[in-house]
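Quick note: the sequence shown uses the UniProt record's numbering, first residue 1, plus one each step.
Just so it is clear, CB atoms sit at the ideal spot from N, CA and C, and this is done for glycine as well.
Taking it in order: structure first as structure tokens, then the write-up.
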Amino acid sequence: MALENKLGITDAAELARDEEKTSKKKALELFEIHKYQFREGNGRGTRIWLDSILKKELHQVIDWSNVNKDDYLLAMERSPIKDVEIKTLLRAALTDKIDDREVYMKGIDASYHYEGYNVFKTEDLDNEN
């Protein structure tokens with residue numbers, strides 16, 4: 001005999017199974033919500049960090065507007081196994097325009113584009129003020 005419950009289940013074994021199933025489903029939902037440390041922006045943060053290192057060490061940055069979204073995402077997906085593809089892709093987009101505002105603004109737009117955001121262009125928002 002099970003304790004009275006909102007599910008109306010009277011069998012203790014059935015209630016235990018339902019409780020396990022429900023709690024595991026909720027745990028999965030929480031994982032999906034919190035699986036990334038930075039739910040939005042982890043990729044952008046990494047790209048900014050990479051450009052900062054390249055600027056300091058090589059006096060170059062990546063012109064992200066010259067990096068195709070699909071090629072980039074595929075190369076990133078494969079990079080833990082073999083990083084030649086991502087290195088080649090990014091090396092081809094290196095520029096010495098380290099203080100160029102347009103390169104920076106297009107980089108922001110490209111970074112958002114990689115993550116599926118492309119409604120606004122940074123330069124248009126900058127001109128709103």
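Under the assumption that Thr95 contacts Val67 (Cβ atoms under 8 angstroms), give the Cβ distance between them as a whole number of angstroms. Along the sequence shown, read from residue 1 onward, the residue named residue 95 stands at position 95. Along the sequence shown, read from residue 1 onward, the residue named residue 67 stands at position 67. With a Cβ gap of about 11 angstroms, Thr95 and Val67 do not count as contacting.
Using the DSSP secondary-structure output, state which residues sit across from Val61 in a beta bridge. Sequence index remark: in the sequence shown, residue 61 carries index 61 (1-based). Note: Val61 sits in a beta bridge opposite Thr95.
Beta-carbon proximity check, Ala93 vs Asp63, cutoff 8 angstroms: For the purposes of this step, residue 93 is identified with residue 93 of the sequence shown, where counting begins at 1. For the purposes of this step, residue 63 is identified with residue 63 of the sequence shown, where counting begins at 1. Yes.
Best match in Leu73, Asp83, Asp124 for proximity to Ser111 [C-alpha to C-alpha]: As a position in the sequence shown, residue 111 is number 111, starting the count at 1. Ranking the options by Cα distance to Ser111, first place goes to Leu73.
Closest by CA to Tyr117, which one among Asp109, Lys24, Leu50? As a first step, residue 117 is located in the sequence shown; it is residue number 117 there, counting from the start. The shortest Cα separation from Tyr117 among Asp109, Lys24, Leu50 belongs to Asp109.
In whole angstroms, what separates the C-alpha of Glu85 from that of Phe120? Stepping through the sequence shown from its first residue, residue 85 is reached at position 85. Stepping through the sequence shown from its first residue, residue 120 is reached at position 120. Straight-line Cα distance between these residues: approximately 30 angstroms.
With a 10 Å radius around its C-beta and 16 neighbouring C-beta atoms as the bar for buried, classify Leu89 as buried or exposed. Mapped onto the sequence shown, residue 89 falls at position 89. Leu89 is buried by the Cβ-count criterion.
Reducing DSSP to helix, strand and coil, say where Ile81 ends up. The count along the sequence shown starts at 1 and reaches residue 81 at position 81. The answer is coil: DSSP assigns Ile81 none of H, G, I, E or B.
Which residues bound the alpha helix (DSSP H) around Leu125? The sequence position of residue 125 within the sequence shown is 125, counting from 1. From DSSP, the alpha helix (DSSP H) with Leu125 extends over 122 to 126.
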